[in-house]
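Chemist: Residue numbers (our numbering), protein chains in the order written: chain F, 620 to 1007; chain L, 620 to 1007; chain X, 620 to 1007; chain Z, 620 to 1007. Note that beta-carbon positions come from the ideal geometry of N, C-alpha and C, so glycine has one too. If you're wondering where the values come from, they're calculated on a predicted model, not measured in any experiment. Sharing a structure, written as structure tokens. Questions coming.
Protein chains: 4
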Amino acid sequence: MTTFTPEIQSTLAAQGVELPSWAFGNSGTRFRVWTTEGTPRDPFEKIADAAEVNRLTALAPSVALHIPWDKVDDFGALRRHAEDLGVTLGTVNSNTFQDEDYKFGALTHEDDRIRRKAIDHHLECIDVMDATGSRDLKIWLAEGSNYPGQTDMRARQDRLNDSLGQIYARLTGDQRLVLEYKFFEPSFYHTDVPDWGTSYAQVATLGDRAMVCLDTGHHAPGTNIEFIVMQLLRLGRLGSFDFNSRFYADDDLIVGAADPFQLFRILVEVIRGGGLNNPDVAFMLDQCHNVEAKIPGQIRSVLNVQEMTARALLLDHEALATAQSANDVLGAQAVFMDAFYTDVRPALAQWRESRGLPADPIAAYAASGYQERIESERVGGVQAGWGA
Amino acid sequence: MTTFTPEIQSTLAAQGVELPSWAFGNSGTRFRVWTTEGTPRDPFEKIADAAEVNRLTALAPSVALHIPWDKVDDFGALRRHAEDLGVTLGTVNSNTFQDEDYKFGALTHEDDRIRRKAIDHHLECIDVMDATGSRDLKIWLAEGSNYPGQTDMRARQDRLNDSLGQIYARLTGDQRLVLEYKFFEPSFYHTDVPDWGTSYAQVATLGDRAMVCLDTGHHAPGTNIEFIVMQLLRLGRLGSFDFNSRFYADDDLIVGAADPFQLFRILVEVIRGGGLNNPDVAFMLDQCHNVEAKIPGQIRSVLNVQEMTARALLLDHEALATAQSANDVLGAQAVFMDAFYTDVRPALAQWRESRGLPADPIAAYAASGYQERIESERVGGVQAGWGA
Amino acid sequence: MTTFTPEIQSTLAAQGVELPSWAFGNSGTRFRVWTTEGTPRDPFEKIADAAEVNRLTALAPSVALHIPWDKVDDFGALRRHAEDLGVTLGTVNSNTFQDEDYKFGALTHEDDRIRRKAIDHHLECIDVMDATGSRDLKIWLAEGSNYPGQTDMRARQDRLNDSLGQIYARLTGDQRLVLEYKFFEPSFYHTDVPDWGTSYAQVATLGDRAMVCLDTGHHAPGTNIEFIVMQLLRLGRLGSFDFNSRFYADDDLIVGAADPFQLFRILVEVIRGGGLNNPDVAFMLDQCHNVEAKIPGQIRSVLNVQEMTARALLLDHEALATAQSANDVLGAQAVFMDAFYTDVRPALAQWRESRGLPADPIAAYAASGYQERIESERVGGVQAGWGA
Amino acid sequence: MTTFTPEIQSTLAAQGVELPSWAFGNSGTRFRVWTTEGTPRDPFEKIADAAEVNRLTALAPSVALHIPWDKVDDFGALRRHAEDLGVTLGTVNSNTFQDEDYKFGALTHEDDRIRRKAIDHHLECIDVMDATGSRDLKIWLAEGSNYPGQTDMRARQDRLNDSLGQIYARLTGDQRLVLEYKFFEPSFYHTDVPDWGTSYAQVATLGDRAMVCLDTGHHAPGTNIEFIVMQLLRLGRLGSFDFNSRFYADDDLIVGAADPFQLFRILVEVIRGGGLNNPDVAFMLDQCHNVEAKIPGQIRSVLNVQEMTARALLLDHEALATAQSANDVLGAQAVFMDAFYTDVRPALAQWRESRGLPADPIAAYAASGYQERIESERVGGVQAGWGA
């Protein structure tokens, strides 16, 4: 059985992956949102579910919020609720894609009134951050157009820069602005921040605490994502990951489910570039459990990140460098694949137990009675979803 | 100005494009459905809107229904309503993607009860066809799975064949079953009818009145769609088109909006293969007007098909064949592009007027007062959309 | 350590993967063909290299030929040479893409003289098969066009069918015709056999011994290849695999190198559909070792197929079926991934030794002195490549 | 018939598109290079052919060189030859993809000797620029790797930056360095400059005269290229275009042949961003005429750029802005498409004649006897191609 060096063990022990509150609510496609019993009705219940993931894995110390989906009257109370359950409130995500005013843009909108409203929404998000102690404001700019000619892409880019500048100016202390890019969707023709280059060019004008968010599902087919990871780390602008996986579009599947080897390559570049357990590079999930169970889905996800990190940590960098320097293509590839193909699961199970955690967190969840409890308790009310 | 031969004029006069009733309801993405004033509240209002498109263009003689979205107590009344407005009821589309029972499949489901229910739904659709006088039952099989290993693809294929066989057996007279394929969505990993090959292999076992439906938005990036048009016509199995256009996924944009030249190439192959104004090959739209006006969007769409058909009809087949036989690549391409680049719009406007139609149907719609009328009349009630 | 049941052991022992003679020659891109020392100068040397792969792995019992690249005066002598080295001559591959006459097509050409020549080339290939004892004639139809309008796709399809019919008629005994499809390249606009549907529709008209060849690199981005494997096995028309892997185009990389999980999924469907060690379904490599060492590259390749087959054989079908029937998405996925993540390499190494094979065939090759010998012996002459 | 305002006429008259010398040589795919009669044997003949394109169109005032393919003993003589024929020598393209030393990299190579050699090659290219009076050194970095793990992408990026810095330092006067990016090919796994973001990040560190080159064929499927045009113009780093078109990969087809509407959209953004007839933004072709006639292919190409520029110049910006501001999606799209669908060819033919140019340059070429002359004169010797 593989064994981990003390160094690898302490690296693994330090790892944390932020959970998205919305992963615990209902989600779906444009055709149908499937519901499940026990789905949270409010942010407090979402955080309880997230805390359960952390209790069983010690891998999910914080929970990302989405405003307005997670709006509560008293964010201080929500924060205390989280802390009581052993987790913290993390990244605050803004939303400029569900208000009628934003049909044709928000931070990019030509109409000053609407653009002002969108900026103010972000300032309100920073107010939430002040209350929750969150560090990062994450902006996924779901803006764009559906038809060529519909809008002036260039002017929107300039307005976006102005809007971001106003938002950035409101940040205090170590608060950061993290700008996510996405290849397409929900717009069909153009997206205002479609690629890492645009996000990078935008945040570079703002200041040192403006960073790029890389969502692993937001690229064109065939894109070498680990190259972008490498480049953003090199440029000092990789602020966070939204982990998930995809076969075709932004499928928001469980991280590592569609292409485990790609996740391995990404984590190798993260380690290579000093991004692992680096507070500047936040690890987050951004997933939707449309047809699978949500809490176990989140457990599976953080375990996937942990398992693949363990494989990446086993990479023999010395042997790799030697083969690379000799242009020994097959030799280098063999060293690389050896780490990937190593089955780290038994060693991880053992190591978990040594830390007082269940060897098999998914089995432990099934045996915990938690699911039965929430299914019986969470009756009535409106289940949380993207609309609420 | 280009002029049309009498033969081209009569070909154009015979052209019809079926409108989808759902194009007049609200639609959107998984993130948001945008609403507009005047949206129909029921199938009768949808058909009224469709008839308005036909009144202004003489291009849209029929309307496709979607069950259960267009379910009414009395389909005979709906049929008379349509006929009173100068249109007929066309293809009936089934729906196996919005019932809780169908979360993991319908016609492919392992559970006999659910599969029986899905088959019965199709039999009910044929009952509707009997009442409406519709010829085609169109099945878009929105079934599949999200994760490798989730399901047994092979067994599903066999069950699908059995289900289709039972449905096909219920058809009478000249009724047809048309099976649509789609590369991906709403499932993320596998789709039960993902490509024309699968649709073809399935319908070929059923009988002569089982055909393939080609939706222009349902292919992998880079697919040569006109080749598939050619092949299905050659094999005698192209039953219908769902016209729309896309940049990335199944974007359901206005036909011809994303890649006009592709639409030209498709129509050239339709003509080449004898598919134009051939009753065996139905022309339909399948679009969603998320951010643009719906009725003008439909007018624009049928005009796009008409304009591109006119260009394709202008192709000098004799000159093309001569250049092709001589392997004169640039010469053949020049003949081909000459037809595409010819501006047929003035001639079409003139020809429309000669037939008592408005030269500019979109301007005529704006001047007609119809939009103002429906916006003021259709107050209260629930606007139609994909959910109802 | 994983252990293999006797049944799995005998399955693994029966596995064979045919090697392509051209993998031992030089190859490259349109920009550059890189050469390496020791590259074979003739078919005899290619077969010697292939036999070395088989000697070390017992996995490569046959070698595919490519005509005219592997044309020799006496195919009987080549056959005896192969048999002396413990391998047989396998699939014969035709070539209609390098003769000046074929610039605009071969089996599809409008000019009867050229089409006749192309058909005759295939009849000559069958003569070779008679001499070598080969069963399969594989046709990769590298024909198409670069510009819309350049050619008449429909007429070409009909001529292709006629040509294939003439070739098929010449086959005797258990000889087969296997028609490969390819999404694109070397043509840029249209390819005459671009997808499995076209290959299937063509061979279905020929007879029972006409089959489809699935090259894993020949699909559009995002294509679910294992679905096609499933479908072709279901239809009884999967004749052979060309294994390789790709990131973007037809990259011809080592099988399993780009997406190991995809290879796993493919092999799971092969086993599910009865295609493993089924003489009707030939396993072949079709790869190019542009920058890596060729013989070790082939060893690596057959080992990759073997290792992934072993993982696929470990899949717990009973547990999988139970989870699938319960629509337990995460449970089914866990069973599936458990097989993939199992490290079969130690067990395979042990099992190899038990059969008198080297535990690590790549290390054994490095220690064998074979490479040094061919580098010193194969001096002078012209190295084999795609041009010769 | 459309008429052009004097302003549009003078804009069209100022337009120039640089021709690539290699478009006149033989080219092909990895499978075959097709030859044609009359192909130039040396750079002097290539320039003669390019001058013929310019003589007939007044659209191609300069010719790009590729070193070493266009290496001559006396570049001063080549320059005078060009000037005698009415054209100038333009961009100098370096080549680091065909020397055995560059198998594993050049400007990124780990081996200092090879990296030095690659840098020196570029310094030699600048010497050529000094002799030819060329302004731009264009670097297409055909470097990368084929397998994950083969090389250290991060270190290569740093070495690349150092190499570019050394080259940039050698530039004098208004000379510029233009860095091209390419999504994939000839490497299969990673490319050192795969996207505009990387090119931008690299050149931004060098200085004001370091720019990005956008080759229209070098993007992932579905990429919104006009967005990148807009962004690079906005950032002041769009140095030049390599025009061509593609269906799948880097197909190097005639510009505008695959997707004319995309070319229109690109030119609209060029005009919007002030890039038309702006000396900072060079227009070039980068094409290969594998199966079509080369000189007419180049004539067709520059005419395509001219025709589409004329359409883009007809765009009614006032009407467009009005519709855009009103969020009138269909209205804005109609204005946009109206320009695209306008047939500018008759007006352009008339305008050409008014300037003493042939109305139909392709017909004029066919009638000129030039092709017959070069076919009879250019006998013997070795035809130019990518290898020489």
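1) For P662 of chain F and R699 of chain L, I'd like the C-alpha separation in whole angstroms.
2) If I measure Cβ to Cβ from A1060 of chain X and keep anything under 8 Å in the same chain, skipping five residues before and after, which residues do I get?
3) Quick check on DSSP: helix, strand or coil for G644 of chain X?
4) Anything in chain X within Cβ reach of Q910 of chain F, meaning under 7 Å, just list it in chain order.
5) Output needed for T715 of chain L: all residues of its chain with C-beta closer than 6 Å, excluding positions within five of it in sequence on either side, in chain order.
6) Apply the 10 Å Cβ neighbour rule to A1007 of chain F and answer buried if 16 or more other Cβ atoms are within range, or exposed otherwise.
7) L922 of chain L and P980 of chain L: beta carbons closer than 8 Å?
8) Residue ranges of each beta strand (DSSP E) run of no fewer than 3 residues wholly in the segment 885-968 of chain X, ordered along the chain?
9) Considering Cα atoms alone, identify which of X:G858, X:G841, X:G950 is closest to A877 of chain F.
10) Using the rule of at least 16 other Cβ atoms within 10 Å of the residue's Cβ for burial, across every protein chain shown, is P767 of chain L buried or exposed?
11) List the residues of chain Z whose Cβ lies closer than 8 Å to the Cβ of Q717 of chain X, in chain order.
12) From the DSSP output, read off the bridge partner residues of F862 of chain F.
13) For I844 of chain L, collect the residues of the same chain with a Cβ closer than 7 Å to its Cβ; drop the 5 residues on either side in sequence, then sort them by chain order.
14) Determine whether the Cβ of W815 of chain F lies closer than 8 Å to any Cβ atom of chain Z.
15) Determine the extent of the beta strand (DSSP E) in which R795 of chain L is found, giving its start and end residues.
16) Quick check on the DSSP output: the beta strand (DSSP E) that includes V682 of chain L runs from which residue to which?
17) Candidates F:K665, F:A642, F:R649, F:G705: which alpha carbon is nearest R674 of chain F's?
18) Spatial neighbours of G988 of chain X within its chain, please: CB distance less than 7 Å, with the 5 preceding and 5 following residues excluded, ordered by chain position.
19) Taking R828 of chain X as the reference, which of X:A931, X:S973, X:R789 has the closest Cα?
20) Determine the DSSP secondary structure at M849 of chain F, reduced to helix, strand or coil.
21) Consider the Cβ of G647 of chain F: report whether some Cβ of chain L lies at a distance smaller than 8 Å.
22) Short check: CB of P687 of chain F to CB of T707 of chain F, under 8 Å?
23) Taking any Cβ of chain L, which residues in the segment 862-874 of chain F have a Cβ under 9 Å from it, in chain order?
24) Give the interface partners of P805 of chain X over in chain B, defined as CB-CB distance under 9 Å, in chain order.
25) Listing by chain order, which chain Z residues have their CB less than 7 Å from the CB of F880 of chain L?
26) Excluding the 5 residues preceding and the 5 following V652 of chain F in the sequence, name in chain order all residues of the same chain whose CB lies nearer than 7 Å to its CB.
27) Could you give the distance in angstroms between the alpha-carbon of V822 of chain F and the alpha-carbon of R795 of chain Z?
28) If you check the beta carbons only, do N765 of chain Z and F723 of chain F fall under 8 Å apart?
29) In chain order, what are the residue ranges of uninterrupted alpha helix (DSSP H) at least 4 long that sit wholly in the segment 627-678 of chain Z?
30) Going by beta-carbon coordinates alone, are L638 of chain L and A669 of chain L separated by less than 8 Å?
31) According to the neighbour-count rule (16 or more other Cβ atoms, all chains shown, within 10 Å of its Cβ), is M956 of chain F buried or exposed?
32) Please return the same chain residues whose Cβ sits closer than 7 Å to the Cβ of V691 of chain X, not counting the five positions on each side in sequence.
33) In the DSSP assignment, what residue or residues form a beta bridge with H809 of chain L?
34) What number of angstroms, rounded off, separates the C-alpha of G763 of chain X from the C-alpha of I993 of chain Z?
35) What do you get for R856 of chain F, buried or exposed, if any count of 16 or more other CB atoms within 10 angstroms of its CB means buried?
36) What residues match up with T707 of chain Z in a beta bridge as DSSP calls it?
Modeler: Let me lay it out:
1) Cα-Cα distance, rounded: 52 Å.
2) Lying before the first or after the last residue shown, residue 1060 of chain X is absent from chain X, which here runs from 620 to 1007.
3) If DSSP states are grouped into helix, strand and coil, G644 of chain X belongs with coil.
4) Reading off the sequence shown, one finds Val at residue 910 of chain F, where the question assumed Gln. The answer, in chain order, is V948.
5) Correct list, in chain order: Y721, A725, A737.
6) With a pLDDT of only 47 at A1007 of chain F, under the threshold of 50, the placement of this residue in the model should not be trusted; the figure read from the coordinates follows. Counting Cβ neighbours within 10 Å, A1007 of chain F comes out exposed, since fewer than 16 surround it.
7) Inclusion of L922 of chain L and P980 of chain L in the CB contact set at 8 Å is warranted, their separation being smaller than that value.
8) Those beta strand (DSSP E) runs which fall completely within the segment 885-968 of chain X and span 3+ residues are 901-904.
9) The candidate whose alpha carbon is nearest that of A877 of chain F is X:G841.
10) The residue is buried, with at least 16 neighbouring Cβ atoms inside 10 Å.
11) Within chain Z, the residues near Q717 of chain X are F650, R651.
12) Per DSSP, F:L904.
13) Annotation for I844 of chain L: T835, H838, Q881, I885 place their beta carbon closer than 7 Å to its own, counting only its chain and skipping 5 residues before and after.
14) Yes, because at least one Cβ of chain Z sits closer than 8 Å to the Cβ of W815 of chain F.
15) Per DSSP, the continuous beta strand (DSSP E) segment holding R795 of chain L begins and ends at 795-799.
16) Where V682 of chain L is concerned, the enclosing beta strand (DSSP E) stretches over 681-685.
17) Among F:K665, F:A642, F:R649, F:G705, the Cα nearest to that of R674 of chain F belongs to F:G705.
18) Contacts found: none.
19) Measuring from the Cα of R828 of chain X, the nearest candidate turns out to be X:R789.
20) DSSP, read as helix, strand or coil, puts M849 of chain F in helix.
21) True, the Cβ-Cβ gap to chain L drops below 8 Å.
22) No. Outside cutoff.
23) Look at the segment 862-874 of chain F: the residues with a C-beta under 9 Å from a C-beta of chain L are R865, F866, Y867, A868, D870, D871, L872, I873.
24) Within the model displayed, chain B is absent; protein chains F, L, X and Z are what it includes.
25) Neighbours of F880 of chain L on chain Z, chain order: D878, P879, F880.
26) Cβ neighbours of V652 of chain F beyond the five flanking positions: N645, S646, G1004.
27) For V822 of chain F and R795 of chain Z, the gap between their C-alpha atoms comes out near 27 Å.
28) With contacts defined as CB atoms closer than 8 Å, N765 of chain Z and F723 of chain F fail to qualify as a contacting pair.
29) The segment 627-678 of chain Z contains these whole alpha helix (DSSP H) runs: 662-676.
30) A669 of chain L is positioned such that its CB atom lies closer than 8 Å to that of L638 of chain L.
31) Buried.
32) Closer than 7 Å at Cβ, skipping near neighbours: P662, L697.
33) L:S764.
34) About 29 Å.
35) Buried.
36) Answer is Z:S681, bridged to T707 of chain Z.
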